[in-house]
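Comments concern the structure below.
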Amino acid sequence: MGEQDVKRSVKPADMRRFTRQIIQDVRALEHMLREGMVESGIRRIGAEQELFLVDDRSQPAPVVEELLALNDDPRLVTELTRFNVEVNLNPYDFEGDCLRRMEAQLDEALDMVRSLAGRVGAYPVMAGILPTVHLSDLRIENMAPMPRYRELNDVIMGLKEGKSQYQIRGTDELFFEHDNILVEGCNTSFQTHFQVSPGEFPHLYNIAQLVAAPVLAAATNSPTLFGKRLWKETRIALFQQAIDTRSSNLYLRDMSPRVHFGSGWVDESVTEIYKEDIARFRVIMTTDFDDPFEELRKGNAPRLSALQLHNGTVYRWNRACYGISGGKPHLRIENRILPAGPSVIDEVANAAFWFGVVSGLSSRITDVRPLLDFDEAKSNFVAAARLGLGSQLAWVDGNRWPAPDLILRELLPVAREGLEASGIDGADIDRYLGVMDERVGSRMTGSQWQLTSLARMKKRPSTRSERLDALVAAMRNRQAEGLPGHKWALAELEEGPEISRLPGSRVEQFMTTDLFTVHEDEAVEFVAVLMDWRHIRHVLVEDRRHRLVGLVPHRRLIRYLAEREASPGDARDVTVKDIMIADPVSVSPETTTMEAIKLMREKSIGALPVVREGQLVGMVTEADFARIAGKILDQTFASGPGTQ
27 MGEQDVKRSV KPADMRRFTR QIIQDVRALE HMLREGMVES GIRRIGAEQE LFLVDDRSQP
87 APVVEELLAL NDDPRLVTEL TRFNVEVNLN PYDFEGDCLR RMEAQLDEAL DMVRSLAGRV
147 GAYPVMAGIL PTVHLSDLRI ENMAPMPRYR ELNDVIMGLK EGKSQYQIRG TDELFFEHDN
207 ILVEGCNTSF QTHFQVSPGE FPHLYNIAQL VAAPVLAAAT NSPTLFGKRL WKETRIALFQ
267 QAIDTRSSNL YLRDMSPRVH FGSGWVDESV TEIYKEDIAR FRVIMTTDFD DPFEELRKGN
327 APRLSALQLH NGTVYRWNRA CYGISGGKPH LRIENRILPA GPSVIDEVAN AAFWFGVVSG
387 LSSRITDVRP LLDFDEAKSN FVAAARLGLG SQLAWVDGNR WPAPDLILRE LLPVAREGLE
447 ASGIDGADID RYLGVMDERV GSRMTGSQWQ LTSLARMKKR PSTRSERLDA LVAAMRNRQA
507 EGLPGHKWAL AELEEGPEIS RLPGSRVEQF MTTDLFTVHE DEAVEFVAVL MDWRHIRHVL
567 VEDRRHRLVG LVPHRRLIRY LAEREASPGD ARDVTVKDIM IADPVSVSPE TTTMEAIKLM
627 REKSIGALPV VREGQLVGMV TEADFARIAG KILDQTFASG PGTQ
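Using the numbering used here, you'd call the opening residue of the sequence shown number 27 and step up by one each time.
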């Protein structure tokens, strides 16, 4: 979760004081490392499970406060939004049945969340990005009521000096703006922690950086956002852009975003990571702190609150963490790369692969630095995020490997060596690495399952919203069954929520977004051919900044053509502006479906343009609602006699 007792100060003196304290914390850590005061000689593992909460329509359910009010388990905490929740797992020594115990703890925690969520009308879902999340879910009112989140939002948006701009290109393209950091809440992950000794930290951290790409390629589970098919692990691009405070005018400078992979290998100490991030990223929040050297004189392990808070505002994909457990300070590598889901066993398999391959390669490779340029490792990571198992990865042997071949032929055997050398139970090694072997061999990652399911459902009459709703419902159903994702049956449209739950839905869930539009100065004949070629009854008119200016219904075009037929000698150059309805009635994406239907009936209109912040984003028509009404009737009759 990070430090919650935070402050945002605009006083330069406060910021200077806090900066001095961060420097003092680094010096204290260096002192503890020199004196052998940081725990050594043992490895431990842990994890954080982030989850989405959805309602019975597969939509985000902002009920985390109500859920936590029923909870008495300290492992369960808030996340950024009111429709996210996080479970902090208890750590285990890295030996014996630790992986099996991690899986059992995850199952138990998920059952607990299911039970609590059910009492407030919600369900947990594991997904890197929730397919049904909409921009309207990301309004500031849906931010969890924690001081750290509000302060972070105010600071980040203040540094941006305007709205955040997002651009992600994949099979589809997505461009949008947003006025807060809740876009980060579209992401959930399964963050694994690996406690290691200070002396081995630099080498193991470098190995973790090296294997980040193949581990991610095998684990992708975030292929869409707002219905757009983007990267195989879209979380990576989305999170970076959500927290990016750089100015586009500084394109000539080598500036790093606050979410980043790193800029080079670690040479000698964990403090190199902290020092680089302190040098590159300004202090943006402060907290109360103790003098670390005074704590050391008292015989206490210092919290290093200033350093930890600053570290919590810089988001490396592999993060260095300082902590205290049982009164002893320790160091951990936090892997933030892995997405949540698709199932509990998939997550533990991903973790086992990562723990094993980091341990195994650290024994095989004495120093990765001369074997692969750091920029190659960084490029590998981006390629894996974009293409998943379709990526080609540079490796320490000088070759460029297809990701599946590298994983199956090279890294899974290394992971087995690492787990065996750590004393992990043989049956558990077979179980979890077997899941990885089958998933990579079949190429059916969580992302591929989602994309294949959507493609198959698209072959049947359906809207994008119906397909996404059914996808989330299927994910929820499959996760309850407990099978790994590569063995899941594809999602079916019939698994989607009943359309009779219409009263709580919004226009954005039913609107058409693939629009064919014209400008007001274009020829009327162009409208006619558009209606003919595309089989549509309403053509929207927009200006060159995509602002709605008019609407041409089919009836109005027919009337114009009839009048022209009656006056064959009339050779006027008629434009769209001459026949369109100017400034038509429109709604926002957040408008409820029932409000939209009521408005169409009151105004006797057959189509409603949908406008967001002045720009045209979609349209709903009477045909859309007629189809919905037909489904309601079908479901009512299918329920049997006596159904109201």
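Every residue gets a Cβ at the ideal spot worked out from N, C-alpha and C, and that includes glycine.
Burial state of residue i (16 or more Cβ within 10 Å)
i	result
Y277	Residue placement at Y277 cannot be trusted, given a pLDDT of 46 that sits under 50; what the coordinates show is reported in the next sentence. So Y277 counts as exposed.
T392	exposed
G72	buried
R390	exposed
K324	exposed
P38	exposed
G188	exposed
S448	buried
N116	exposed
N168	buried
L480	buried
A411	buried
P396	exposed
N213	buried
R155	It should be pointed out that residue 155 corresponds to Ile in this sequence rather than to Arg. Its Cβ being crowded by 16 or more others within 10 Å, I155 is buried.
R279	For R279, the predicted structure reports a pLDDT of 44, less than 50, and the residue's modelled location is therefore unreliable. A value from the coordinates is still provided. Exposed, because fewer than 16 other Cβ atoms sit within 10 Å of the Cβ of R279.
W559	exposed
P171	exposed
Residue closest to residue i, alpha-carbon to alpha-carbon, out of the options
i	options	result
F407	V440, L335, W343	W343
D562	E591, E621, G188, E648	Residue 562 is actually Ile in this sequence, not Asp. Answer by Cα proximity: E648.
V113	G122, D137, D123, V159	D137
H204	L161, L497, V181, V222	L161
L102	S141, N247, S223, Q505	S141
V533	P318, K513, E621	E621
S385	K624, L642, N232	N232
A87	Y149, D99, E134, D399	Y149
G211	V600, N110, V241, T297	N110
L419	E446, I450, I262, A238	A238
E639	Q217, I194, F202	F202
V578	G338, G632, K354	G632
V544	L566, D558, V555	L566
I607	T617, S593, R581	R581
N206	E507, K485, F536, D180	D180
S417	R598, D372, S612, K258	K258
G288	A453, S405, D40, V643	S405
T539	R43, F44, L200	L200
E464	Y175, T218, I48, A244	A244
Anticipated Cβ contact below 8 Å, residue i with residue j, distance rounded
i	j	result
R362	G349	16 Å between Cβ atoms; not a contact.
F615	V636	Residue 615 is actually Pro in this sequence, not Phe. Confirmed, about 6 Å.
L519	S488	6 Å
P240	A429	6 Å
F379	A441	5 Å
Residue i: first and last residue of the uninterrupted beta strand (DSSP E) it sits in
i	result
A73	70–80
N114	110–114
V631	The displayed chain sequence assigns Ile, not Val, to residue 631. Looking at the DSSP string, I631 is not in any beta strand (DSSP E), and its letter there is neither H nor E.
E360	354–361
E199	199–204
S190	190–195
T218	216–222
T339	No beta strand (DSSP E) holds T339; DSSP gives it neither H nor E.
V103	102–104
V613	It is not in any beta strand (DSSP E) - V613 carries neither H nor E in the DSSP assignment.
V151	149–151
N- and C-terminal bounds of the alpha helix (DSSP H) containing residue i
i	result
S389	370–390
N425	Run containing N425: none; DSSP gives neither H nor E here.
H572	Here H572 belongs to no alpha helix (DSSP H), and DSSP marks it neither H nor E.
F552	550–560
G349	Element bounds for G349: not the alpha helix (DSSP H) but the beta strand (DSSP E), 344–351.
M645	Run containing M645: none in the alpha helix (DSSP H); it sits in the beta strand (DSSP E), 641–647.
P228	227–245
P318	318–323
P439	438–447
Cutoff 9 Å: residue i Cβ touching any chain C Cβ
i	result
E648	The chain inventory of the structure shown lacks chain C, comprising one protein chain alone.
Practice task
Evaluate the contact criterion for the stretch 614–628 versus the stretch 569–584: three or more CB pairs, one atom per stretch, below 8 Å.
Solution key: no
Handout entry: Validate contact between the stretch 293–311 and the stretch 367–376 using beta carbons, cut 8 Å, 3 pairs
Key = no
Practice task
Mind the definition here: the stretch 92–109 touches the stretch 245–258 only if three or more C-beta pairs lie below 8 Å; say whether that holds.
Solution key: no
Exercise for the section: Taking 8 Å as the threshold, find out whether the stretch 321–335 comes into contact with the stretch 262–270 through three or more Cβ pairs. Expected result: no
Problem - Stretch-stretch touch, CB-based, cutoff 8 Å, three pairs: the stretch 451–460 with the stretch 121–131 - result: yes
Practice task
Could you tell me whether the stretch 460–478 touches the stretch 507–522, using the rule of 3 or more Cβ pairs below 8 Å?
Solution key: yes
Practice task
Count the CB pairs spanning the stretch 59–66 and the stretch 217–229 that are closer than 8 Å, and state whether there are at least three.
Solution key: yes
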